Amino acid sequence: MSIINIGLSGMSAANAGLSVTAHNTANAMTPGYSRQRIGFGAEVGGQGSGAGVGVSSVERMADNYLNQQIYKQKGSWGYNAIRSQYMAKTETLLNNNSTSVNTGLDRFNAALSEASTKPQDIAYRQTIISQSQSMVQRFNNLSTQLDSQSKQVGSQLDAAVSDANSLMASIAEMNDSLRNSGGNGQKMTELLDARDEAIRQLSSQMNVNTTYNDDGTVTISLDQGEPLVSGSQASKLHQTQDGGLELQRGNGRFALGKKVGGTIGGLMNYRDGELKDLQKELDVMAYSFATQFNETHSKGYDLNGDQGQAVFGGVDQIDGAAKNLSLLIDDPKQLAFSAKAGEPGNSENLQQLIDLKNAPIAIDTSKLDPAEAEKFKNAITVLDGKSIHSSYTGITGDWAIKTAQLEADTTAAKSLVDQAEGERASVSGVNLDEEAANIMNYTQMYQANAKVISTAQQLFDITLSMFR
Numbered sequence: 246m247s248i249i250n251i252g253l254s255g256m257s258a259a260n261a262g263l264s265v266t267a268h269n270t271a272n273a274m275t276p277g278y279s280r281q282r283i284g285f286g287a288e289v290g291g292q293g294s295g296a297g298v299g300v301s302s303v304e305r306m307a308d309n310y311l312n313q314q315i316y317k318q319k320g321s322w323g324y325n326a327i328r329s330q331y332m333a334k335t336e337t338l339l340n341n342n343s344t345s346v347n348t349g350l351d352r353f354n355a356a357l358s359e360a361s362t363k364p365q366d367i368a369y370r371q372t373i374i375s376q377s378q379s380m381v382q383r384f385n386n387l388s389t390q391l392d393s394q395s396k397q398v399g400s401q402l403d404a405a406v407s408d409a410n411s412l413m414a415s416i417a418e419m420n421d422s423l424r425n426s427g428g429n430g431q432k433m434t435e436l437l438d439a440r441d442e443a444i445r446q447l448s449s450q451m452n453v454n455t456t457y458n459d460d461g462t463v464t465i466s467l468d469q470g471e472p473l474v475s476g477s478q479a480s481k482l483h484q485t486q487d488g489g490l491e492l493q494r495g496n497g498r499f500a501l502g503k504k505v506g507g508t509i510g511g512l513m514n515y516r517d518g519e520l521k522d523l524q525k526e527l528d529v530m531a532y533s534f535a536t537q538f539n540e541t542h543s544k545g546y547d548l549n550g551d552q553g554q555a556v557f558g559g560v561d562q563i564d565g566a567a568k569n570l571s572l573l574i575d576d577p578k579q580l581a582f583s584a585k586a587g588e589p590g591n592s593e594n595l596q597q598l599i600d601l602k603n604a605p606i607a608i609d610t611s612k613l614d615p616a617e618a619e620k621f622k623n624a625i626t627v628l629d630g631k632s633i634h635s636s637y638t639g640i641t642g643d644w645a646i647k648t649a650q651l652e653a654d655t656t657a658a659k660s661l662v663d664q665a666e667g668e669r670a671s672v673s674g675v676n677l678d679e680e681a682a683n684i685m686n687y688t689q690m691y692q693a694n695a696k697v698i699s700t701a702q703q704l705f706d707i708t709l710s711m712f713r
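So the number in my numbering is just where the residue sits in the sequence shown, counting from 1, plus 245.
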């Protein structure tokens, strides 16, 4: 091997090194990119003499174990983060002065107490009518906003399920390409990066377990072992009419529990857990508020001497009571404050209405439709024996505690994700300072080998001149 050829091999190797370094630098900000490292090997010529240098490998710097740690932590973070986001929104809604039931109750009860000094005064009575309408609006608005939030969660869940299905199909397709690639080439390296990035995105949507196979494919399953991707076959998620989740594998479908984790699991558990429980408890409070007031009001007499009629409507059943609550009277003379007909200054029944602020919620479930009694069983049990005011205070307090805990859990989970991604970056990430040093080294290597060729050419010319 001539000195010139040896120099050429060095220049070629330096050029290959610069190419890899340039590729790393260009992809420093590409999500999921794993840096590449070039390997050189000495070439041996005849009789053991040196023959220059060659590129022995271009290695993708990746660690499957570190990737698996990211997948694990992302599922936990996705689950906590989405629930924390919605819990915080609802906490604000519950405590907002314009929607808080307790703020309305305080004003409503204050209006009743003020009227006790002059129960026949129309101005006081009109204030009570206004505060009654305000209570109706508070229950209506809070219920409407919770319903709207439930629909928003449902839309976000639709998008998350669709995204997960697309990712699973994409991973299966890349599995097939990698299995048929023969394990070589730049295309395979790019596919491996793209597949790992797709798995990272999928792991935010659900808790996933991965197994890397010898044929280049990866098998993905849920924590309970349900298969999501196997070779070139991808399962598909479907939402059911009752809000559940099914996994389709081939022609078969089977139900998944709600412990799928990730954003999907967090959305399902929030919508069907905390949010639905709150909606039921709000309905129970609206039903109890209206029916207790109506019952007591019906025992009194109004300024016309007529027996009291129902003040609030829309409470024929608990289900939807908060949304359907309405005000049935708008004439202040129809408020039945007197315990005796023909005594407009009597306030005995008004006092009974005032005392309702401390009355416990007590719903006789035997008088309810069996299906409704079963549906609201837990909500009634939670609120039974408490006043509406103390019930709402308890709900907002519990909600605040849960929200704070979720925020802490989310912060902790994000910290673990950052730690796992930092460990991956130490192996797979592009260090621009290191790449800058490599550029300098390869440039010097290229120049030095060019100098070798130039020197060899000079020696060759000198040798030729000796024979002229």
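We treat Cβ as the ideally placed atom computed from N, Cα and C, and that holds for glycine. Keep in mind that this is a model prediction, so the values were computed, not measured.
Point to revise | Secondary structure of Ile444, DSSP reduced to three states | key: As a first step, residue 444 is located in the sequence shown; it is residue number 199 there, counting from the start. Here Ile444 sits in helix by DSSP.
Check your understanding: Does DSSP put Tyr278 in a helix, in a strand, or in coil?
Key -> Stepping through the sequence shown from its first residue, residue 278 is reached at position 33. Residue state, collapsed to three classes: coil.
Point to revise | Simplified DSSP assignment, three categories, for Gln469 | key: Within the sequence shown, residue 469 is the residue found at index 224, counting from 1. Assigned with DSSP and collapsed to three states, Gln469 falls in coil, not helix or strand.
**Study point:** Closest Cα partner of Ser533 within the set Asp517, Leu520, Phe557, Asp654
**Key:** As a first step, residue 533 is located in the sequence shown; it is residue number 288 there, counting from the start. Minimum Cα distance to Ser533 is reached at Phe557.
Practice item. Please state whether DSSP places Ile633 in a helix, a strand or coil. Key: Working through the sequence shown from its first residue, we reach residue 633 at position 388. Note: Ile633 maps to helix in three-state DSSP.
**Study point:** Cα-Cα separation, Ala693 to Gly297
**Key:** Sequence index remark: in the sequence shown, residue 693 carries index 448 (1-based). Sequence index remark: in the sequence shown, residue 297 carries index 52 (1-based). If you take the alpha carbons of Ala693 and Gly297, they lie about 13 Å apart.
Practice item. Answer yes or no: do Glu471 and Leu490 have a C-beta to C-beta separation smaller than 8 Å? Key: Here the question's residue 471 lines up with position 226 in the sequence shown. Here the question's residue 490 lines up with position 245 in the sequence shown. Taking 8 Å as the Cβ cut-off, Glu471 and Leu490 do not qualify as a contacting pair.
Review point. Looking at the structure shown, is Ala355 part of a helix, part of a strand, or coil, going by DSSP?
Key: For the purposes of this step, residue 355 is identified with residue 110 of the sequence shown, where counting begins at 1. Three-state DSSP puts Ala355 in a helix.
Check your understanding: Going by alpha carbons, who is nearest to Gln554 out of Leu573, Ala567, Val560?
Key -> Walking along the sequence shown from the start, residue 554 turns up at place 309. Of the candidates Leu573, Ala567, Val560, the one whose C-alpha sits nearest the C-alpha of Gln554 is Leu573.
Check your understanding: Which parts of the region 546-597 are runs of the beta strand (DSSP E), unbroken and 3 residues or longer, counting only runs that do not cross its ends?
Key -> none
Review point. To the nearest angstrom, how far is it from the Cα of Lys317 to the Cα of Ile684?
Key: In the sequence shown, the residue the question calls residue 317 occupies position 72. In the sequence shown, the residue the question calls residue 684 occupies position 439. The straight-line gap separating the alpha-carbon atoms of Lys317 and Ile684 is approximately 37 Å.
Practice item. Decide yes or no for the touch test of the region 436-452 against the region 386-402: beta carbon pairs closer than 8 Å, at least 3 of them. Key: no
Practice item. Have a look at Met690 and Asp308 and give me their C-alpha separation to the nearest angstrom. Key: Taking the sequence shown and counting its residues from 1, the one referred to as residue 690 is at position 445. Taking the sequence shown and counting its residues from 1, the one referred to as residue 308 is at position 63. Met690 and Asp308: Cα-Cα distance of roughly 30 Å.
Check your understanding: What is the rounded straight-line gap between the Cα of Leu311 and the Cα of Thr485?
Key -> Locating residue 311 in the sequence shown gives position 66, counting from the first residue. Locating residue 485 in the sequence shown gives position 240, counting from the first residue. Approximately 35 Å between the Cα atoms of the pair.
Check your understanding: From Leu527, Ile698, Ser329, pick the residue whose C-alpha is nearest to that of Ser635; which is it?
Key -> Counting from 1 along the sequence shown, the entry for residue 635 is found at position 390. The alpha carbon of Ser635 has as its nearest neighbour, out of Leu527, Ile698, Ser329, the alpha carbon of Leu527.
Point to revise | Cutoff 8 Å; reference Gln390; Cβ partners in own chain excluding five residues on either side | key: Position 145 of the sequence shown, counting from 1, holds the residue named residue 390. Excluding positions up to five away in sequence, the list reads Leu338, Thr344.
Review point. In or out: Leu580 buried (at least 16 other Cβ within 10 Å) or exposed?
Key: Translated into positions along the sequence shown, residue 580 becomes position 335. Label assigned to Leu580: buried.
Check your understanding: Looking at Gln314 and Ala657, is the spacing between their C-beta atoms short of 8 Å?
Key -> As a first step, residue 657 is located in the sequence shown; it is residue number 412 there, counting from the start. As a first step, residue 314 is located in the sequence shown; it is residue number 69 there, counting from the start. For Ala657 and Gln314, no; Cβs fall outside 8 Å.
Practice item. Please work out which residues of its chain come closer than 7 Å, Cβ to Cβ, to Asn539, disregarding the five sequence neighbours upstream and downstream, and give them in chain order. Key: Within the sequence shown, residue 539 is the residue found at index 294, counting from 1. Taking Asn539 as the centre and dropping the five residues before and after it, the same chain places the C-beta of Ala555, Val556, Phe557 closer than 7 Å to its C-beta, in chain order.
Point to revise | beta-carbon Met711 near the ligand COA non-hydrogen atom, thresh 7 Å | key: Inclusion of the ligand COA in the displayed structure is not the case, the ligand content being empty and no account of it being possible.
Check your understanding: What are the partner residues of Gly497, as DSSP defines its beta bridges?
Key -> For the purposes of this step, residue 497 is identified with residue 252 of the sequence shown, where counting begins at 1. According to DSSP, Gly497 bridges with Arg494.
Check your understanding: According to DSSP, which residues form a beta bridge with Tyr532?
Key -> Residue mapping note: residue 532 aligns to position 287 of the sequence shown, counting from 1. According to DSSP, which records beta bridges pairwise, Tyr532 is partnered with nothing at all.
Review point. For the beta strand (DSSP E) that contains Ser302, what are its first and last residues?
Key: The count along the sequence shown starts at 1 and reaches residue 302 at position 57. Its beta strand (DSSP E) spans residues 295-305.
Exercise for review: Could you check the C-alpha separation between Ser395 and Arg516 for me, to the nearest Å?
Suggested key: For the purposes of this step, residue 395 is identified with residue 150 of the sequence shown, where counting begins at 1. For the purposes of this step, residue 516 is identified with residue 271 of the sequence shown, where counting begins at 1. Distance between the alpha carbons of Ser395 and Arg516: 6 Å.
Practice item. Compare the Cα-Cα distances from Glu418 to each of Phe621, Thr508, Ala443, Lys578 and report the closest residue. Key: Taking the sequence shown and counting its residues from 1, one reaches residue 418 at position 173. Looking at the Cα atoms, Ala443 is the closest of the given residues.
**Study point:** Assumed close pair Arg440, Ile416 - CB separation to whole angstroms, cut-off 8 Å
**Key:** For the purposes of this step, residue 440 is taken as the residue at position 195 of the sequence shown. For the purposes of this step, residue 416 is taken as the residue at position 171 of the sequence shown. Yes, they are in contact, since the Cβ atoms of Arg440 and Ile416 sit about 6 Å apart, within 8 Å.
Practice item. Count the C-beta pairs between the region 348-365 and the region 587-599 that are closer than 8 Å, then say yes if the count reaches three, no if not. Key: Remark: three or more beta-carbon pairs, one from each stretch, lie closer than 8 Å, so the region 348-365 and the region 587-599 are flagged as touching.
Check your understanding: When you compare only the Cα positions, how much space is there between Ala258 and Ser449?
Key -> Sequence index remark: in the sequence shown, residue 258 carries index 13 (1-based). Sequence index remark: in the sequence shown, residue 449 carries index 204 (1-based). If I take the Cα positions, the gap works out to 41 Å.
**Study point:** Ile606 at chain C interface by Cβ criterion, 8 Å
**Key:** Annotation note: the requested chain C is absent from the structure, which comprises a single protein chain.
Review point. Between which two residues does the beta strand (DSSP E) carrying Thr720 extend?
Key: Since the first residue of the chain shown is 246 and the last is 713, residue 720 is not available in this structure.
Practice item. Return helix, strand or coil for Gly255, following the three-state DSSP convention. Key: Working through the sequence shown from its first residue, we reach residue 255 at position 10. In this structure, Gly255 counts as helix in the three-state DSSP scheme.
Exercise for review: Measure the C-alpha to C-alpha separation of Asp614 and Ala531 and round it to an integer number of angstroms.
Suggested key: Within the sequence shown, numbered from 1, the residue matching residue 614 stands at position 369. Within the sequence shown, numbered from 1, the residue matching residue 531 stands at position 286. So the alpha carbons of these two residues sit roughly 18 Å apart.
Exercise for review: Please report the Cβ distance between Asn420 and Gly502, rounded to the nearest whole angstrom; I am assuming they are in contact, meaning their Cβ atoms lie under 8 Å.
Suggested key: As a position in the sequence shown, residue 420 is number 175, starting the count at 1. As a position in the sequence shown, residue 502 is number 257, starting the count at 1. Contact doesn't hold; Cβ gap of about 26 Å is too wide.
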